[in-house]
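Colleague:
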Amino acid sequence: MSIPRDEKLRITQRVHAKWSQTFGDRDDAEANDAYYSMLQEAMAQAEEKYKPGA
Numbered sequence: 130m131s132i133p134r135d136e137k138l139r140i141t142q143r144v145h146a147k148w149s150q151t152f153g154d155r156d157d158a159e160a161n162d163a164y165y166s167m168l169q170e171a172m173a174q175a176e177e178k179y180k181p182g183a
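Going by my numbering, the first residue of the sequence shown is number 130, and it counts up by one from there.
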């Protein structure tokens, strides 16, 4: 089973809020890479939760 759409939105919002506390309005490669890494990690954790048989 894949992650439900509403859960993906909540994850994205939480990651963005956490990222904003650290990086503010920065728009450079380091900040963008950090955001992407944080989002990927959060989605990977959520995928574990929604795995079949989990």
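Backbone N, C-alpha and C fix where the C-beta goes; we use that ideal spot for every residue, glycine too.
Quick caveat, the model's predicted, so the values are computed rather than measured.
#1: Would you kindly report the start and end of the unbroken alpha helix (DSSP H) that includes residue 190?
#2: Rounded to whole angstroms, what's the CA-CA distance from residue 161 to residue 151? Just pull it up for me.
#3: Could you give the first and the last residue of the continuous alpha helix (DSSP H) run that contains residue 98?
#4: Assuming the contact rule is C-beta atoms closer than 8 Å, residue 163 and residue 148 should be a hit. Round their C-beta distance to whole Å, please.
#5: Anyone know if the C-beta pair for residue 167 and residue 132 falls short of 8 Å?
Modeller: Based on what the coordinates show:
#1: Only positions 130 to 183 of the chain appear in this structure, which leaves residue 190 out of reach.
#2: For the purposes of this step, residue 161 is identified with residue 32 of the sequence shown, where counting begins at 1. For the purposes of this step, residue 151 is identified with residue 22 of the sequence shown, where counting begins at 1. Each residue's Cα considered, the two are about 12 Å apart.
#3: Absent from the model: residue 98. The displayed extent of the chain is 130 to 183, so no value can be given.
#4: The residue labelled residue 163 in the question sits at position 34 within the sequence shown. The residue labelled residue 148 in the question sits at position 19 within the sequence shown. Right, the Cβ-Cβ distance comes to about 7 Å (below 8 Å), so this counts as a contact.
#5: If you number the sequence shown from 1, residue 167 lands on position 38. If you number the sequence shown from 1, residue 132 lands on position 3. No, these two residues do not count as a Cβ contact at 8 Å.
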